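Read in order, the letters of the sequence shown correspond to residues 16 to 282 in the working numbering.
Ideal placement from N, C-alpha and C gives every residue a C-beta, glycine not left out.
All of these numbers come straight from a predicted model, not from anything done at the bench.
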Amino acid sequence: MFSALKWQLDKRIGAGRRRLTLVNGRLFEAHADCVISSALIYADMPEYDELHFVRRHLNADDALIDVGANVGHIGLLLNDIVRAERIFAFEPTPVTFQRLQANWELNRTFGSPRLFQMAVGNDDGEALIPDVSVPNTMNAIVSTEDEFPRNFVGVAVPVTRLDSMRRWWHGQRIGLLKIDVEGHEDDVFRGATNVLKQDRPKLVMFESLDGGLSPVVNAVLTSSGYRVFQLVNGQVDFSRRDAQNLFACPVEDSANYCSRPNLCAVS
């Protein structure tokens with residue numbers, strides 16, 4: 016109780032750090048100005064059902080592609096299963112990327128992941144993102160002048176398609192492709208068709224902020240031979256797609272994830 020109260024005070028004054036030991040023994044530098052840090056303090060494993068589901072289906076030979084890695088918490092929480100050398104994390108925002116690097120440096124005895132200070136989209140090039148000093152979960156990309164808000168201050172970052180990065184994990188089985196890009200999922204999926212069709216990630220975990228499956232994402236996944244599902248009370252349900260956190264798996268593997276055949280039968 017005292018620890019939580021002190022953290023609340025630190026948040027109010029915008030100061031303070033705390034080194035956490037995560038549930039799997041990995042270290043994490045929590046900052047009072049970071050939403051994810053608070054989530055890790057108040058809950059041992061944020062997105063509990065989703066991460067426990069993922070953990071059940073990963074193994075040490077799998078690779079993890081983390082698009083929108085933020086400060087690295089997902090990779091760290093899975094690192095006792097997936098080796099660090101098989102983690103490929105993408106985060107464009109400078110201050111967030113610095114904290115991502117620092118968190119992995121704390122865990123260097125467990126290996127070194129591939130960290131890319133890049134945005135992921137449908138084209139290879141450059142984009143503008145807000146020049147923020149505090150990491151958050153809403154680091155949006157601004158790609159055209161028409162999208163600039165008044166008094167916008169941005170920083171240019173490289174953008175890549177996932178399809179352009181396939182050489183990095185060539186020959187490795189992708190256990191999880193995780194995408195958390197705060198509304199830019201359409202572009203990420205458009206630029207990942209070869210990853211989906213040829214690399215065949217075992218699981219894709221992504222966000223749907225509007226509470227429904229994007230037609231673009233649905234079209235890319237369907238044409239790539241994937242089925243979309245969500246978790247309901249920890250169980251796979253192929254009949255529903257209205258959650259914020261959604262999954263997809265190859266059609267040929269879908270029966271492996273479903274313990275309730277009546278829900279697996281829904282296309």
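Of the residues the options, which one's Cα is nearest the Cα of residue i?
i	options	result
ASP81	GLN259, ASN94, VAL247	ASN94
ILE194	ASN209, VAL232, THR124, ALA117	VAL232
LEU211	LEU66, ASP268, ASP178, ARG41	ASP178
ILE89	ASN74, GLU65, GLY140	GLU65
THR208	LYS217, ARG176, ARG182	ARG176
VAL247	PHE68, PHE103, GLY40	PHE68
TRP293	LEU35, ALA75, LEU130, GLN116	The structure shown does not extend to residue 293, since the chain is modelled only from 16 to 282, so the question has no answer here.
HIS199	ALA142, SER254, ASN271, MET180	ALA142
PHE253	SER239, ASN271, SER238	ASN271
GLY87	HIS185, PRO265, GLN132	GLN132
THR237	ARG255, GLY249, GLN250, PRO265	PRO265
LEU42	ARG70, GLU106, MET180, LEU121	LEU121
ASP139	ILE96, VAL174, PRO128	VAL174
TYR63	GLY249, MET180, SER269, CYS273	GLY249
With a threshold of 6 angstroms on Cβ separation, who are the neighbours of residue i within its own chain once the five nearest residues in sequence on each side are excluded?
i	result
HIS46	ARG32, SER52
ASN137	ASP202, ARG205, GLY206
VAL219	LEU192, ALA263
LYS217	GLY190
Let me check one thing: in DSSP terms, what residues is residue i bridge-paired to?
i	result
ASN260	GLU222
PRO312	Residue 312 is absent from the structure shown; the chain starts at 16 and stops at 282.
GLU44	ARG34
PHE103	ILE80, ARG129
GLU141	PRO173
ASP252	GLN245
PRO265	TYR241
Between the C-alpha atoms of residue i and residue j, what's the straight-line distance to the nearest angstrom?
i	j	result
ARG215	ILE189	7 angstroms
GLN259	ASN85	18 angstroms
ASP146	VAL110	9 angstroms
THR108	ILE144	7 angstroms
CYS49	ARG98	26 angstroms
GLU267	VAL170	42 angstroms
GLY83	LEU92	15 angstroms
PHE112	GLN213	29 angstroms
ARG114	VAL172	17 angstroms
THR36	ALA104	21 angstroms
VAL135	ARG123	26 angstroms
SER269	VAL235	17 angstroms
GLU44	GLU197	23 angstroms
Excluding the five sequence neighbours on either side, which residues of its own chain have a C-beta within less than 7 angstroms of the C-beta of residue i, listed in chain order?
i	result
LEU261	PHE221, SER223, LEU228, VAL243, GLN245
ARG101	ASP77, ALA78, LEU79, GLN187
ASP59	VAL38
ALA54	PRO61
SER239	THR208, LEU211, LYS212
Grab me the residues of residue i's own chain with a C-beta within less than 8 angstroms of its C-beta, minus the 5 sequence neighbours each way, in chain order.
i	result
GLY226	ASP257, ALA258, GLN259
TYR302	The shown model of the chain, from 16 to 282, leaves out residue 302, and the question about it has no answer.
ALA75	ILE96, VAL97, ARG98
Counting only beta-carbon atoms, is residue i nearer than 8 angstroms to chain B?
i	result
VAL210	Of the protein chains in the structure, only one exists, and it is not chain B.
Would you list, in sequence order, the uninterrupted beta strand (DSSP E) runs of no fewer than 3 residues that lie entirely inside the region 106–135?
Complete beta strand (DSSP E) runs here, min 3: 129–131.
4-residue-minimum alpha helix (DSSP H) runs that sit fully inside the region 180–218, ordered along the chain:
Taking only runs of at least 4 residues, the alpha helix (DSSP H) segments lying wholly in the region 180–218 are 200–205.
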